[in-house]
Amino acid sequence: MRSTTLVALSVAIVAACGSSKKPARDDAAVIDDGKLVDAPVIPSCENPVAGEQVTMRRIGGVVGAALLATSPPNDPRLFVLEQRGAIRLFKDEVLQPDPFLDLSVDAGGPVAAGGEQGLLGLAFHPQYAANGQFFVFYTTRVPNNTLRDVVARCTVSSNPDLANPTCVEVLSIPDFAGNHNGGMIEFGNDGLLYIGTGDGGGGGDPQRTAQNPASLLGKFLRIDVDNKAAGKDYGIPADNPFVAGGGAPEVFMLGLRNPWRWSFDRATGDLWIGDVGQGQIEELHVVKAADQRGANLGWSVYEGNSCCDTQADNCTQSGAQYPCEPTGKLFPQDSRTHASGWISIIAGQVYRGTCYPDLVGWHFYTDYGKGGLVKARLQPAGTLEIVDLPGTFPAKPTSLHADSRGELYMTNDVGSVYHLEAGP
Ligand SMILES: [Ca+2]
Ligand SMILES: [Ca+2]
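Quick note, the sequence shown lines up with residues 22 to 445 if you use the numbering used here.
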């Protein structure tokens with residue numbers, strides 16, 4: 022199976038920028054379980070383009086809402102999530118007719134889609150080229166019409182463009198409302214799988230999950246998919262903050278409301294998190310690698326920098342029960358009010374590609390309602406340099422994420438996929 026995959030990948034490799042092509046290279050190797058495996062290398066851009074004027078070029082569209090574009094490591098293909106439950110495949114920017122995987126209800130799959138529900142996350146194993154494993158996050162109502170948020174392990178078939186049709190649940194989280202499901206998953210540079218979960222839903226964190234370390238909701242979770250603990254399909258990393266007690270062992274960070282889209286900066290390991298706000302404030306948190314373990318991002322004691330119970334929305338906790346104590350909490354580096362038109366922040370990713378050298382080190386992000394595009398980069402003091410970019414950008418964005426080359430792709434609610442490009 023693997024040799025078939027690798028031959029196909031090697032043949033399929035193309036260069037990064039625009040129409041420039043570069044011959045395939047297959048001289049790299051990775052070690053997996055002691056076995057040396059050839060792996061293709063994605064070449065850097067042959068003709069980089071200088072300039073900071075950012076544009077979005079539409080490369081194609083999928084069915085329904087497109088929620089994420091991503092790639093396995095060192096793989097030239099682009100995989101796009103359809104909210105309804107399928108993963109679609111682009112090769113050389115051409116949409117392939119058959120889904121890579123279809124977990125939709127129409128295909129007999131488990132994904133419950135609609136509103137904020139659906140196939141929400143996809144992360145390829147760092148050793149995907151060798152082990153064929155990838156992970157998905159979806160909402161489901163099977164069995165018994167009971168709502169759950171699920172992380173499942175899937176595998177590719179002998180055909181590299183087709184996954185095996187069923188996935189195995191790794192983590193199942195009971196949920197109580199259709200909104201606030203998080204859904205983004207990524208592997209860190211430590212090889213562990215990070216999972217962002219919503220506070221459950223409703224409004225105002227009605228079950229007080231986000232600050233409760235025993236709940237898997239309103240958190241970043243971190244699990245080891247390669248070393249299974251007894252009775253589980255995953256392991257608990259030894260330095261997770263509650264591994265010795267005081268909370269659920271999977272919990273890595275607390276105080277999230279709905280971390281819909283976030284990513285690691287692949288160069289630094291910093292987390293850039295868009296936490297969708299309640300009725301007033303959208304938040305962008307940048308949590309440096311050294312500060313992540315056990316971090317508390319504030320919700321639902323705070324919405325942004327504001328004490329939640331002072332606001333005229335449904336952050337209804339009383340100050341007496343949940344005093345707004347800032348000690349031990351991290352606050353966002355950028356916050357946008359709903360009065361300014363922001364309603365659901367869409368965090369993106371730090372550009373680490375080679376096609377547009379003047380974009381390197383900038384994180385690009387946007388908002389589902391406001392649209393537009395913002396870039397920000399960390400300054401030495403830990404604050405952000407923030408630039409609201411001129412120009413017109415796609416409406417109703419749902420994600421902005423890198424492929425294996427570090428090139429960024431935006432998806433939106435009507436199924437379009439765009440390549441972020443720049444020029445003078
Ligand atoms: Ca929910
Ligand atoms: Ca926060």
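Beta carbons: idealized from backbone N, C-alpha and C, even for Gly.
May I have the straight-line CA-CA distance separating residue i from residue j, to the nearest angstrom?
i	j	result
Ala71	Val381	11 Å
Phe121	Gly135	21 Å
Ala45	Gly267	Since pLDDT at Ala45 reaches only 34, below the 50 mark, its modelled position is unreliable, and no value is offered.
Glu304	Ser92	27 Å
Lys396	Cys66	22 Å
Leu124	Ile364	29 Å
Phe263	Phe241	13 Å
Gly204	Pro69	34 Å
Val163	Leu192	14 Å
Pro255	Asp245	Strictly speaking, residue 255 in this sequence is Tyr, with Pro absent from that position. Straight-line Cα distance between these residues: approximately 6 Å.
Lys43	Asp96	A caution first: Lys43 carries a pLDDT of 35, below 50, which makes its placement in the model too unreliable to give a value.
Ala250	Glu190	15 Å
Val172	Pro445	42 Å
Ala310	Trp293	10 Å
Pro94	Gln228	39 Å
Val28	Val308	Unreliable placement is indicated for Val28, whose pLDDT of 32 sits below 50; the coordinate value is still reported in the next sentence. Each residue's alpha carbon lies about 40 Å from the other.
Asp47	Ser284	Per-residue confidence for Asp47 stands at a pLDDT of 34, beneath the threshold of 50, marking its modelled position as unreliable; the derived number appears in the next sentence. Answer to the nearest angstrom: the Cα atoms are 28 Å apart.
Val51	Gly212	Low local confidence applies: a pLDDT of 39 at Val51 is under 50, so the model's placement there is unreliable, with the coordinate-based value given in what follows. Distance between the alpha carbons of Val51 and Gly212 is about 14 Å.
Ile407	Gln400	10 Å
Ala333	Ala360	Note that Ala333 scores a pLDDT of 48, beneath 50, so its modelled location is shaky; the value from the coordinates is reported in the next line. Approximately 13 Å between the Cα atoms of the pair.
Gly374	His422	12 Å
Val177	Leu277	33 Å
Let me make sure I understand the geometry here. Which of the options has the alpha-carbon closest to that of residue i?
i	options	result
Ser236	Gly225, Phe273 and Gly393	Phe273
Tyr372	Val83, Asn433 and Ala288	Ala288
Asn433	Thr167, Thr419 and Leu441	Thr419
Ala443	Asn233, Ala90, Ser437 and Glu428	Glu428
Thr167	Ala423, Tyr439 and Phe197	Phe197
Asp286	Gly276, His306 and Gln148	His306
Gly217	Trp281, His422, Phe352 and Leu116	Trp281
Gly199	Phe208, Gln138 and Val435	Gln138
Ser321	Gly290, Asp312 and Leu275	Leu275
Answer with yes or no whether the minimum CB distance from residue i to chain D is below 8 Å.
i	result
Val191	Going by chain labels, chain D is absent from the structure shown, which holds only one protein chain.
For residue i, count the other beta carbons within 10 Å of its own beta carbon; 16 or more makes it buried, fewer makes it exposed. Which is it?
i	result
Lys391	buried
Leu324	Reading off the sequence shown, one finds Glu at residue 324, where the question assumed Leu. Classification of Glu324: buried, given that the 10 Å Cβ count is 16 or more.
Pro411	exposed
Ser448	Residue 448 lies beyond the residue range present for the chain, which begins at 22 and ends at 445; the question has no answer from this structure.
Gly298	buried
Thr404	exposed
Gln117	exposed
Tyr430	buried
Ser425	buried
Val115	exposed
Thr230	buried
Residues with C-beta closer than 7 Å to any heavy atom of ligand 2, in chain order
So the residues near ligand 2 by this Cβ test are Gly276, Asp296, Glu304, His306, Leu318, Gly319, Trp320, Tyr323, Gly325, Phe352 and Pro353.
Mind the definition here: the segment 127 to 147 touches the segment 103 to 115 only if three or more C-beta pairs lie below 8 Å; say whether that holds.
At 8 Å Cβ cutoff, the stretches touch.
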